[in-house]
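Only one structure is covered here, and it is reproduced in the block below.
Residue numbers (the numbering used here): 242 to 644.
Right under this line is the structure:
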């Protein structure tokens with residue numbers, strides 16, 4: 242069991258941030274004095290730059306500070322690590338959050354890395370077969386053994402969310418190789434998602450259509466791809482925590498504010514306020530407002546606190562991260578995880594207008610009309626891309642027509 246973990250921030254250079262310590266079931270953190278001189282605020286609300294030992298008093302992330310919890314996998318990624326530990330005769334219930342950080346090591350999302358790391362890997366320019374990985378992922382979800390468990394673990398990269406996914410490199414010809422190795426010439430870092438046991442076979446196509454509509458609606462969203470095989474179609478999205486092979490520091494709203502993303506605890510009113518307070522930029526507020534409009538019109542109710550993030554730019558200023566995880570979802574109890582001025586079940590355009598006026602989004606009418614026009618393309622795109630089996634299709638069409 243690890244009791245001390247060293248934390249590094251990998252930007253243009255590798256900086257020693259400080260150390261985490263576990264004692265008497267509490268987690269402590271102390272910034273290194275040399276890091277404080279850089280003035281890089283990696284978590285301004287819950288882990289301010291102070292020359293003192295900081296104690297995480299809450300249990301939102303098992304006693305871990307949110308900025309470090311953002312490095313840990315949840316859902317699918319946590320399941321993989323737990324199965325990996327069991328295969329080595331380790332009871333995953335006995336390991337601590339610090340142990341988990343050491344398993345992430347240098348392979349996590351964002352720019353933070355952790356030492357000592359438990360396992361290192363060597364990679365070759367190996368081709369990735371998506372159908373094989375998707376089949377293996379379903380075996381693991383169903384509790385069956387999988388010969389590809391370790392492969393999936395190294396491709397997972399501490400990703401979040403319930404659906405299985407892998408971190409890969411993709412070239413212009415959609416040739417896919419292992420993502421954790423040094424970026425090869427002509428390739429880009431991507432995340433590719435697989436269906437879970439409750440998804441229909443068209444889930445990849447549906448999310449791809451959502452990404453196209455989001456782009457038509459003026460939303461800042463990374464480049465996306467649909468990887469078609471003879472067996473299925475898989476949704477892929479370019480990673481925004483990498484620029485080439487350089488890392489970008491990312492912080493989710495859940496980690497930033499210590500909000501339990503498993504509970505519907507946020508409101509778009511609070512998110513817009515947070516965005517302006519953190520970025521000091523009304524343009525970033527408008528970006529988030531566009532996502533709020535899209536999520537309402539496109540019935541994306543899985544809009545919880547971990548599905549909104551901020552990035553630290555080259556000048557160490559915070560910016561809203563590009564949109565991600567945009568797809569049809571029912572949400573908890575059929576409601577939005579993030580409410581619209583207190584309304585989660587049946588938010589309307591009136592709520593969008595009130596939000597815009599409260600947060601000085603002057604062009605909100607144009608944004609609403611642009612989004613309406615974008616979502617009206619759903620039926621055409623579904624036909625063009627070949628969405629035939631999705632149980633969401635008619636629901637989406639009916640919901641869109643209500644606006």
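Backbone N, C-alpha and C fix where the C-beta goes; we use that ideal spot for every residue, glycine too.
The structure presented is a predicted model; accordingly, all values stated were derived computationally and were not measured.
Status (buried if at least 16 other CB within 10 Å, exposed otherwise) for residue 555: It counts as exposed.
Residue 306 versus 435, 503, 260 and 578, residue with shortest Cα-Cα distance: 260
DSSP-derived helix/strand/coil call for residue 359: coil
CB contact flag (residue 528, residue 461, <8 Å): yes
Ranges of the alpha helix (DSSP H) found wholly within the region 469–506, counting only runs of at least 4: 494–498
Boundaries (first-last residue) of the beta strand (DSSP E) holding residue 550: 550–553
C-alpha gap between residue 676 and residue 609, whole angstroms: Missing from the structure shown is residue 676; the chain here goes from 242 to 644 and no further.
Cutoff 7 Å; reference residue 273; Cβ partners in own chain excluding five residues on either side: 257, 258 and 259
Opening and closing residue of the beta strand (DSSP E) in which residue 584 lies: Run containing residue 584: none; DSSP gives neither H nor E here.
The region 442–456 in contact with the region 619–628 per 3-pair CB rule at 8 Å: Cβ pair count under 8 Å is three or more, so yes.
Rounded distance between the beta-carbons of residue 479 and residue 429, thought under 8 Å: 6 Å
Where residue 354 falls, given that 16 or more other Cβ within 10 Å makes a residue buried: buried
Residues near residue 604 in its chain [Cβ-Cβ closer than 8 Å; skip 5 each side]: Excluding the 5 residues flanking it on each side, residue 604 has same chain C-beta neighbours closer than 8 Å at 527, in chain order.
Span of the beta strand (DSSP E), counted from its first residue to its last, around residue 271: 267–272
First and last residue of the uninterrupted beta strand (DSSP E) at residue 319: Run containing residue 319: none in the beta strand (DSSP E); it sits in the alpha helix (DSSP H), 317–328.
Validate contact between the region 331–345 and the region 307–323 using beta carbons, cut 8 Å, 3 pairs: In short, these stretches touch, since the Cβ pair count reaches three.
As assigned by DSSP and simplified to three states, the class of residue 300: In the three-state reduction of the DSSP assignment, residue 300 falls in the coil class, being assigned neither a helical nor a strand state.
Cβ neighbour criterion (16 or more within 10 Å) applied to residue 443: buried
Three-state class that DSSP yields for residue 282 in the structure shown: coil
Burial state of residue 505 (16 or more Cβ within 10 Å): It is buried - the Cβ of residue 505 has at least 16 other Cβ atoms within 10 Å.
C-alpha distance - residue 585 paired with residue 577, whole-angstrom precision: 5 Å
Chain-order list of residues whose beta-carbon lies under 7 Å from that of residue 412 (same chain, five-residue window excluded): Excluding five sequence positions before and after residue 412, the CB atoms of its chain that fall closer than 7 Å to its own CB belong to 427 and 428, given in chain order.
Helix, strand or coil at residue 520 according to DSSP, with G and I counted as helix: helix
Span separating the alpha-carbon of residue 415 from that of residue 296: Cα to Cα, residue 415 sits roughly 46 Å from residue 296.
Exposure of residue 434, with buried meaning 16 or more beta-carbon neighbours within 10 Å: buried
Delimiting residues of the alpha helix (DSSP H) encompassing residue 592: Segment 590–599, the alpha helix (DSSP H) holding residue 592.
Counted within 10 angstroms of its Cβ, other Cβ atoms place residue 558 as buried (16 or more) or exposed: So residue 558 counts as exposed.
DSSP beta-bridge partners of residue 445: Among the bridge pairs identified by DSSP, residue 445 is matched with none.
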